[in-house]
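Following: one structure in C-alpha cells, then a few remarks.
Protein chains in written order, with my numbering: chain A, 1 to 755; chain B, 756 to 913.
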C-alpha cells in the first residue's frame, strides 16, 4: 500500500496546457483519417480495405483490445461504430500511414459492407411492388418512374425503431399552473389577457473557421502511451484510454494541449478522438496524428445543442407579465452525457431574471439521428436568452410599453417564485446602457417610422436604408449548484514556504486570471508577485474528477485564493512556515438551492449585461451594418478593468462573425461601461454571446417591421420574412376589400328592399 | 517533386507534391508555427514570409516556391524585429493564443516596413480580416502602433 502511494505521488500529470496537439511531432509519425459511415442507418457487417499498401493500417472496433465503448454519466458512446449505425458520419474505423494525401485517397477505397439481407429484402420489395411487365422501353421508363420510393419499401427492421428517445426533462409550475391543470390555467390566463403573443425561437451556433480543428496525437514508449489532446477532462480521458487499451491508468499519460476555439469542448468527443488515436498508436506501435478536416469539424463537432423554444406570453395593461408558458425542445443528437444538466440550465434561463405571475416550463431533451453534441458551460444558456429577450421585445412592441420599463416592472419578486437569480443592480445597468445609446428616443422614432411604413405599405426593398434598435439583457452564471453530473467540488490549496515563496495548487487558468490571482495574493501577503507560482501537477490517481469548467469556475476560485491567503496571513506570524491552507465552496452556499423542488438560488453569483444594438439594413444589397453597440456590465468587483474591456471587445468582434451566415457584420462604434455593484465578482466571458444576438435580431426586426425568429440570419431568410409579410398584408387587404364590397352589396340590397 | 528553397536561412530541398499546400509541407518539415486555420487565406494562422512578403501559405501550392526565400515564425521569433513587435503587443496588453501569432506578427512586420507612417485607419484596414480568436481589432491596432513607436525610437538611438 505504502509503495503504491509513493509511486502515485511521483507519477504526476500536469494539467497545464502546453502547445497545440497538431504541433507535436515524432520521427516516423503516421497520419490518420477516420472512416465514417456513409449512411445514417444500417447494420455494419464488415469494413475492409483490400488495396491497403505496405505501412498503411486500418483498425476498427474489432481491433480495440479492451472496452469498445466510453461511458460518461451512464451514457455510452462507441469508440468506433459497430452493429447499427447511429448517424451519418459516425466513425467506424481509422486508417493511417506515412503520407497524409495517400491516407485520404485510401479512404475512398474502404469497403463498408452493410447487412446484405436488408438490401436484398429491399430489392425484393421493389420487385414485389412491380406487377406489370414492361413491354417496351418507354413503358419501362414510365414504370421505373412510377415505382415506389426506396424509403417506402426498404426493410427498416434493422434500424433502431425509435431514434427520438426522451433522455431528460424538466417541468416547472408556478401560480395557477400549480393549482390547476395546464389547459385550465391556459384558459383562465390567456382568454382574459390584455396582450398575448406566441412565437418559436431558434439560435444555431456556428463553428468559426479559423480555429484549430479537433484531433489528437499519440505515441508509445514501452508499456506507456502518451496522448496529446485538447481535453478539459483529463481524468476521464485517462480512464477511457486505459480501459480501451486494457492497461493500468498509471501507464497512460494524457498531455493536455491548448484549444484555440471560442466554444471549447474538450469533453467526451475529445476523449473519443483520444481513444481512437491511442488505439491506432498502441496497435501499430508508431506515433500517429489525427487532425479533423474543416468539414468534419463543422458537421460532426457542432457546438451546443439544437433548441427550439416556444413562448406563449400574456401581459397585463400595466406591463406586468401575467404568464409565461415555455415549451423547450432540445435535440441532443445521437448522445450527450450532459442532457439533464443542459435541460435544467436552459429551463432556468428561459425566464431569465423575470418573475411572471404564472409560469409553466416544460423542457424535453431527446435523441436524434444527428451527430452527438457536447456541453460548453459558457454558452449553455445563450439560446434561452435569445428567445426570452426577443419575446420581451415583441410583447413590448405589441403593448407599446418601452422595453426598459417592461423589463424593470417584471423583476419584482413574487412570493415563492421558483428562481432567485443573484443579479446585481439590474436597474442601473439597463438605464446606463439606454442612456448611453439614447435608446428611448431612437426606439420611438424607428418604431413610428416602421408603423408608418407598414401603414403606407411602402415597398421595403426600394426605399432608404432601414434602421432599427434593439436591447437585450442577460446574465452569465458562475458556480451552478444544481449539477446533476458532478459535485461542485471546487477546492484550492495554497502553500507559503519559509523562503516566502507561494504556491497555488490549481488547474492553471488563462494568463489574465493568473495575473489576478497573483496580484490578490501579493497584496494580501505583502510578497513580490514573482514569488508566486501556480502548480498544476496532480498524482495520476488524484486528478480532479469533474471537467474543468465545472471544477474551476473562475469567480469561485478567485474567492478561494483570497480566503486561503487571508488564512495564511492570519497564522503567518504565529506559526512556523511552511503554512498550507485548503479551501472549498462553503456548504451554506450550496444549501441555497433546493435540488428536489428545483427552486432557490441556482448560482453562486452572476454577471449582468445590457446590450443595445443599432442596425442599418441596405434594402438593395441586404447588407446589415451595425451603427453602434452599447454595452453596460455589472460583474461585481472588477479586478482588471482593461482586461475585462478587451475581453468584451474581442467577444463582440467574434460575435459579429456569427450573426449573419457567411458574413462579418461591420460595426462603426463600440461603447463599453462598467457598473460595480455589491454583487460577488463574476466572469465577463460569455456575456456578449448571451445578449448580442437577441439585441441584433430585435433591432433587425424593428427595421424590417417583421419578426426575425432565428439566428444566424441569411439573405434568404430576410427575403422570406419580407415576402411573407407582404403576402400577409395583401391577403388582409384583399379580405378587407371583400368585406367592404360585401357590406356595400348588403347595404344596396337592403336599400333596394326598403324602396 | 523536389523543390529547392531557402527555409529559415537554410538551403534545403522540399519533397512534396506540386499541388500540395505549402502550409502542410512546412508543417511537416518541422515548422509548427505554420498552422492550419480557415484554409481560405484570410485568418492568418498559416502566414509566412515568402521573399520577405507575408503570404497565406495555405493558398500557395508547393510547386511554385522553387528557389524562394521562406521565413516562418519559428525563425523570425529570433530576430530583433520580432522583439520590437512583441514589446508593442505587450504594451497594448495583447496576450496571443499562439494559434494566430504568425498572422498578427507578420502583418505588424509588413506595416513596420512601410516607407511612410500609416494612419490608424490604414492599419485597421490591413489587419481587420485576421481571425479574432484572441485579440480584438482595436487592441491589435494599438499594439502595432506601439511597435512602430518602439521601432522608431530604436532607429533614432541606433
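The C-beta atom is built at its ideal place from N, Cα and C for all residues, glycine as well. Quantities reported herein were computed from a predicted structural model and do not represent experimental measurements.
Exercise for the section: State the CB to CB distance for the pair residue 15 of chain A and residue 546 of chain A, rounded to an integer number of angstroms; the pair is presumed to be in contact (CB under 8 Å). Expected result: Between residue 546 of chain A and residue 15 of chain A the Cβ distance is about 12 Å, and since that is not below 8 Å, they are no contact.
Handout entry: Proximity to residue 358 of chain A [Cα-Cα], best of A:441, A:181 and A:562
Key = The candidate whose alpha carbon is nearest that of residue 358 of chain A is A:181.
Practice task
State yes or no: is the beta carbon of residue 405 of chain A nearer than 7 Å to at least one beta carbon in chain B?
Solution key: no
Handout entry: residue 329 of chain A - partner residues in DSSP beta bridges
Key = A:308 and A:364
Problem - Spatially closest choice to residue 787 of chain B from B:857, B:888, B:862 and B:903, by CA coordinates - result: B:857
Practice task
May I have the straight-line CA-CA distance separating residue 552 of chain A from residue 353 of chain A, to the nearest angstrom?
Solution key: With a pLDDT of 48 at residue 552 of chain A, under the threshold of 50, the modelled position of this residue cannot be trusted, and the question is left open.
Practice task
For residue 188 of chain A, write down the residues that DSSP places opposite it in a beta bridge.
Solution key: DSSP, once it has assigned bridges, lists no residue as partnering residue 188 of chain A.
Practice task
Please check if any C-beta of chain A sits within less than 7 Å of the C-beta of residue 859 of chain B.
Solution key: So, not an interface residue.
Handout entry: Those residues which DSSP pairs with residue 670 of chain A across a bridge
Key = A:629
Problem - the stretch 885-903 of chain B / the stretch 840-850 of chain B touching (three or more Cβ pairs under 8 Å) - result: Yes, since at least three Cβ pairs between the stretch 885-903 of chain B and the stretch 840-850 of chain B fall closer than 8 Å, the two stretches touch.
Practice task
Under 9 Å between beta-carbons, which chain B residues line up against residue 511 of chain A? List them in chain order, please.
Solution key: Within chain B, the C-beta atoms nearer than 9 Å to that of residue 511 of chain A come from 850, in chain order.
Handout entry: Endpoints, alpha helix (DSSP H) assigned at residue 831 of chain B
Key = 828-831 is the span of the alpha helix (DSSP H), which, as asked, contains residue 831 of chain B.
Problem - Exposure of residue 265 of chain A, with buried meaning 16 or more beta-carbon neighbours within 10 Å - result: Its Cβ being crowded by 16 or more others within 10 Å, residue 265 of chain A is buried.
Handout entry: residue 677 of chain A: first and last residue of the uninterrupted alpha helix (DSSP H) it sits in
Key = No alpha helix (DSSP H) holds residue 677 of chain A; DSSP gives it neither H nor E.
Exercise for the section: Taking residue 869 of chain B as the reference, give the member of B:809, B:794 and B:785 with the closest Cα. Expected result: It is B:809 whose Cα lies nearest to the Cα of residue 869 of chain B.
Exercise for the section: Between the Cα of residue 300 of chain A and those of A:313, A:333 and A:563, spot the shortest distance and give me the residue it belongs to. Expected result: A:333
Exercise for the section: Using a threshold of 7 Å, state whether the C-beta atoms of residue 75 of chain A and residue 368 of chain A are closer than that. Expected result: no
Handout entry: Identified DSSP bridge partners for residue 505 of chain A
Key = A:493 and A:535
Handout entry: Best match in A:708, A:417 and A:83 for proximity to residue 44 of chain A [C-alpha to C-alpha]
Key = A:83
Handout entry: Buried versus exposed, by CB contacts within 10 Å (16 or more), residue 767 of chain B
Key = exposed
Handout entry: Short-range partners of chain A found in the stretch 876-902 of chain B, where Cβ spacing is below 8 Å
Key = 886, 887, 888, 889, 890, 891, 892, 893 and 894
Practice task
Assuming residue 821 of chain A contacts residue 419 of chain A (C-beta within less than 8 Å), just tell me the rounded distance between them.
Solution key: Nothing in the structure corresponds to residue 821 of chain A, since chain A is present only between 1 and 755.
Exercise for the section: Tell me residue 225 of chain A's beta-bridge partners as DSSP assigns them. Expected result: A:220 and A:252
Problem - Residues in the stretch 208-239 of chain A having any Cβ partner in chain B nearer than 9 Å - result: 208, 209, 210, 211, 212 and 213
Exercise for the section: Measure the CB-CB distance between residue 446 of chain A and residue 468 of chain A and report whether it falls below 7 Å. Expected result: yes
Handout entry: Best match in A:269, A:544, A:684 and A:258 for proximity to residue 477 of chain A [C-alpha to C-alpha]
Key = A:684
Handout entry: Cβ contact check for the stretch 87-100 of chain A and the stretch 25-39 of chain A: 3 or more pairs under 8 Å
Key = yes
Practice task
Count the other C-beta atoms from every protein chain shown that fall within 10 angstroms of the C-beta of residue 422 of chain A, then say buried if there are 16 or more, exposed otherwise.
Solution key: It is buried - the Cβ of residue 422 of chain A has at least 16 other Cβ atoms within 10 Å.
Exercise for the section: For residue 670 of chain A, collect the residues of the same chain with a Cβ closer than 7 Å to its Cβ; drop the 5 residues on either side in sequence, then sort them by chain order. Expected result: 629, 649 and 652
Practice task
Just tell me which of A:188, A:294 and A:273 has its CA closest to the CA of residue 288 of chain A.
Solution key: Of the listed residues, the one whose Cα sits closest to residue 288 of chain A is A:273.
Problem - Cβ neighbour criterion (16 or more within 10 Å) applied to residue 620 of chain A - result: Residue environment analysis places residue 620 of chain A among the exposed positions, since fewer than 16 neighbouring C-beta atoms fall within 10 angstroms of its C-beta.
Handout entry: Beta-carbon contacts of residue 508 of chain A that lie in its chain and below 8 Å, excluding the five residues immediately before and after
Key = So the qualifying residues of the chain are 15, 16, 17, 514, 534 and 536.
Practice task
Would you check if the stretch 274-281 of chain A and the stretch 224-242 of chain A touch, i.e. whether three or more CB-CB distances between them fall below 8 Å?
Solution key: yes
Practice task
Could you tell me whether any Cβ in chain B is nearer than 7 Å to the Cβ of residue 650 of chain A?
Solution key: yes
Exercise for the section: Check whether the stretch 398-416 of chain A touches the stretch 449-457 of chain A, taking contact to mean three or more Cβ pairs, one atom from each stretch, closer than 8 Å. Expected result: Contact fails: fewer than three Cβ-Cβ distances are below 8 Å.
Practice task
Select from A:318, A:47 and A:409 the residue whose C-alpha is nearest the C-alpha of residue 195 of chain A.
Solution key: A:318
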